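Quick note on full-length UniProt numbering: the sequence shown kicks off at 1 and runs consecutively.
A virtual CB, placed ideally from N, CA and C, is assigned to each residue, including glycine.
On a predicted model such as this, the values are computed, not experimentally measured, just so you know.
Worksheet: one structure, shown below.
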Amino acid sequence: MILLNRVNSLAMLLLTMFFSLMSCKQQNPEPENNIKIATRQSGLNQPNTLIAPLQLLTDQNFQKGFNVLHPGTGAIQGGLQYTTANGSPIWNLAQWYSQSSIYGASPNTLASGSKQFANPDKAVTIGPTTSTDGSLIFAINGQHEFNNIYRGATDPFPAMLADLKIADPDGWLGSSTPFLGSLSNVQFNIDAKLLYHARNQSTGYDSAIHAVQFSCTFLIQNLNPANPGYGKSMYFLVMLYDDRYAVPAQSISTDLFTGKLIYDVGITPFSSTGLTVGQWKNINGDLLPLIKNGLTEAWSRGILTESQNYSDYKISLFTMGIECPGLNILTMQVKNLSLIAN
1 MILLNRVNSL AMLLLTMFFS LMSCKQQNPE PENNIKIATR QSGLNQPNTL
51 IAPLQLLTDQ NFQKGFNVLH PGTGAIQGGL QYTTANGSPI WNLAQWYSQS
101 SIYGASPNTL ASGSKQFANP DKAVTIGPTT STDGSLIFAI NGQHEFNNIY
151 RGATDPFPAM LADLKIADPD GWLGSSTPFL GSLSNVQFNI DAKLLYHARN
201 QSTGYDSAIH AVQFSCTFLI QNLNPANPGY GKSMYFLVML YDDRYAVPAQ
251 SISTDLFTGK LIYDVGITPF SSTGLTVGQW KNINGDLLPL IKNGLTEAWS
301 RGILTESQNY SDYKISLFTM GIECPGLNIL TMQVKNLSLI AN
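Next up, the structure:
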């Protein structure tokens with residue numbers, strides 16, 4: 001994410017994902033888009049047999065809303081929903097290092113039928129699938145979060161992230177999540193529209209540590225309990241937006257604190273152009289060869305060497321949203337989120 005080489009921002013993302021793992025609860029809802037699960041367990045150290053296309057995400061339109069996590073502790077404060085009729089939330093909403101929590105904000109009903117939950121630091125908009133403001137709008141005001149004073153290089157910064165635990169032992173899909181070695185492709189899709197951005201650049205700005213980003217992050221984790229590397233992981237990122245670059249490109253780094261590889265492919269594998277204010281952009285492609293490239297990179301650096309077998313690894317967690325180390329104000333809309341394993 002933000003150079004140092006994006007390490008400062010990524011350290012916060014890793015902390016976010018750690019607490020997300022700790023706070024997720026067992027869920028077993030049905031997947032959307034009529035894509036069925038048809039797998040069988042074939043024993044330890046053996047990949048699942050994938051019989052049908054498998055949607056790895058659930059509630060991709062956020063019809064059940066979010067479990068809102070406390071900005072400091074990560075504890076679940078309660079739900080954020082436009083209606084309770086669709087059931088309990090499955091996704092978490094993390095808001096690390098924010099000055100405030102969106103929990104308890106009074107919703108404003110929009111003409112589209114969506115509801116906007118807002119405070120001076122951030123806003124979340126969700127609503128029915130027919131809404132023109134769907135599926136999800138995130139907004140963050142870094143200027144207000146930082147009281148218009150630039151942060152130092154080691155100071156924390158706010159993030160607003162939607163996350164979903166996928167795989168075993170406590171993900172919504174559980175042990176039915178296939179190992180990478182059993183797959184021929186992993187088709188990712190998201191439509192994104194940059195609704196608004198202001199950098200608010202002033203004295204003290206440093207592009208190495210001040211920016212705003214919107215990314216999709218996948219935790220690639222060894223989930224073979226018979227392997228000594230069980231539980232170890234790396235981070236695979238698709239960077240949809242970084243205000244410093246017209247087209248975010250590949251960036252590879254190692255987390256200073258955990259030693260995990262951070263393999264960010266940017267947006268360039270999917271598009272030669274970046275996001276433009278007011279225009280929808282479709283990002284679509286097969287992530288599997290890119291994830292395998294990431295694992296190969298990890299192994300070449302002496303990371304995750306307990307297993308160099310794709311059949312020991314799964315996509316175990318998905319996280320999407322904004323990190324704001326600068327005084328930026330950003331509003332981003334997304335829809336048509338999908339992650340299909342074949």
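Once DSSP output is grouped into helix, strand and coil, what is the label at residue i?
{"i": "Gly43", "result": "Note that Gly43 scores 32 on pLDDT, short of 50, meaning its location in the model is unreliable and no value can be drawn from it."}
{"i": "Leu3", "result": "Bear in mind that the predicted position of Leu3 carries a pLDDT of just 38, short of 50, making it too unreliable to give a figure here."}
{"i": "Thr296", "result": "helix"}
{"i": "Ala144", "result": "Per the sequence presented here, residue 144 reads as His, with Ala not at that position. Note: His144 maps to helix in three-state DSSP."}
{"i": "Ser182", "result": "helix"}
{"i": "Met22", "result": "Only weak support exists for where Met22 lies, its pLDDT of 43 falling under 50; the value from the coordinates is given anyway. Met22: helix per DSSP, three-state reduction."}
{"i": "Ser202", "result": "coil"}
{"i": "Ser311", "result": "helix"}
{"i": "Ile283", "result": "strand"}
{"i": "Leu327", "result": "coil"}
{"i": "Leu57", "result": "coil"}
{"i": "Ile291", "result": "helix"}
{"i": "Ser316", "result": "strand"}
{"i": "Asp243", "result": "coil"}
{"i": "Asn227", "result": "coil"}
{"i": "residue 398", "result": "Missing from the structure shown is residue 398; the chain here goes from 1 to 342 and no further."}
{"i": "Asn33", "result": "Residue placement at Asn33 is flagged as unreliable, the pLDDT there being 39, under the threshold of 50; the coordinate-derived value follows with that caveat. If DSSP states are grouped into helix, strand and coil, Asn33 belongs with coil."}
{"i": "residue 344", "result": "With the chain covering 1 to 342 only, the question about residue 344 has no answer from this structure."}
{"i": "Asn86", "result": "coil"}
{"i": "Asn342", "result": "coil"}
{"i": "His210", "result": "coil"}
{"i": "Gly79", "result": "strand"}
{"i": "Met332", "result": "strand"}
{"i": "Thr217", "result": "strand"}
{"i": "Val277", "result": "coil"}
{"i": "Leu304", "result": "coil"}
{"i": "Ala11", "result": "Per-residue confidence for Ala11 stands at a pLDDT of 47, beneath the threshold of 50, marking its modelled position as unreliable; the derived number appears in the next sentence. Ala11 falls in the helix class under three-state DSSP."}
{"i": "Gln27", "result": "Note that Gln27 scores 39 on pLDDT, short of 50, meaning its location in the model is unreliable; the coordinates nonetheless yield the value given after this. Three-state result, Gln27: coil."}
{"i": "Phe236", "result": "strand"}
{"i": "Ile262", "result": "strand"}
{"i": "Phe188", "result": "strand"}
Below 8 Å on the Cβ atoms is my guess for residue i versus residue j; work out the distance and round it to an integer in Å.
{"i": "Val68", "j": "Gln81", "result": "Contact flag wrong, Cβ pair sits at about 10 Å."}
{"i": "Tyr241", "j": "Leu194", "result": "6 Å"}
{"i": "Ser101", "j": "Lys335", "result": "In fact, because the Cβ distance is near 26 Å, the residues do not count as touching under 8 Å."}
{"i": "Glu323", "j": "Asn227", "result": "About 32 Å separates the two Cβ atoms, so there is no contact after all."}
{"i": "Leu223", "j": "Tyr230", "result": "7 Å"}
{"i": "Thr129", "j": "Thr217", "result": "Not confirmed; about 25 Å, so no contact."}
{"i": "Ile252", "j": "Asp243", "result": "In fact, because the Cβ distance is near 21 Å, the residues do not count as touching under 8 Å."}
{"i": "Leu54", "j": "Pro178", "result": "7 Å"}
{"i": "Ile220", "j": "Leu295", "result": "7 Å"}
{"i": "Phe270", "j": "Gly285", "result": "5 Å"}
{"i": "Met239", "j": "Pro248", "result": "4 Å"}
The ligand ATP and residue i: does the residue's C-beta get closer than 8 Å to at least one heavy atom of that ligand?
{"i": "Gly231", "result": "The ligand ATP is absent from the structure shown, which contains no ligands of any kind."}
Using CA atoms only, rank isn't needed, just tell me which of the options is closest to residue i.
{"i": "Gly142", "options": "Ser131, Thr130, Ala123", "result": "Ala123"}
{"i": "Phe138", "options": "Pro128, Ala162, Ala153", "result": "Ala162"}
{"i": "Leu57", "options": "Gly152, Gly171, Lys115", "result": "Gly171"}
{"i": "Gln250", "options": "Leu180, Thr276, Gly127, Glu297", "result": "Glu297"}
{"i": "Ile267", "options": "Val277, Asn282, Leu327", "result": "Asn282"}
{"i": "Leu110", "options": "Asn119, Ile126, Thr258", "result": "Ile126"}
{"i": "Pro107", "options": "Trp91, Asp59, Thr83", "result": "Thr83"}
{"i": "Gly104", "options": "Asn119, Ile303, Ser184", "result": "Asn119"}
{"i": "Pro315", "options": "Phe146, Gly113, Leu173", "result": "The question names Pro, but residue 315 is Ile in the sequence shown. When only C-alpha atoms are compared, the closest one is Leu173."}
{"i": "Phe66", "options": "Lys232, Leu164, Asp155", "result": "Leu164"}
{"i": "Ile340", "options": "Gly87, Pro156, Leu183", "result": "Leu183"}
{"i": "Ile140", "options": "Thr132, Ala159, Ser131", "result": "Ala159"}
{"i": "His197", "options": "Gly326, Gln60, Gln187, Met234", "result": "Gly326"}
{"i": "Gly152", "options": "Ile209, Met332, Asn185", "result": "Ile209"}
{"i": "Phe214", "options": "Asn200, Leu330, Asn342, Phe62", "result": "Leu330"}
{"i": "Tyr205", "options": "Asn328, Leu337, Trp299", "result": "Asn328"}
The segment 57-73 touching the segment 89-103, judged by at least three CB pairs closer than 8 Å: Yes: the two stretches touch, three or more of their Cβ pairs being nearer than 8 Å.
Within the segment 91-179, note down every full beta strand (DSSP E) run reaching 3 residues or more, in order along the chain. The segment 91-179 contains, as complete beta strand (DSSP E) runs of 3+ residues, the segments 91-94, 115-119, 122-126, 136-141, 159-165 (chain order).
Inter-stretch contact at 8 Å, needing at least 3 Cβ pairs: the segment 141-156 / the segment 183-194: Result no; under three Cβ-Cβ pairs closer than 8 Å.
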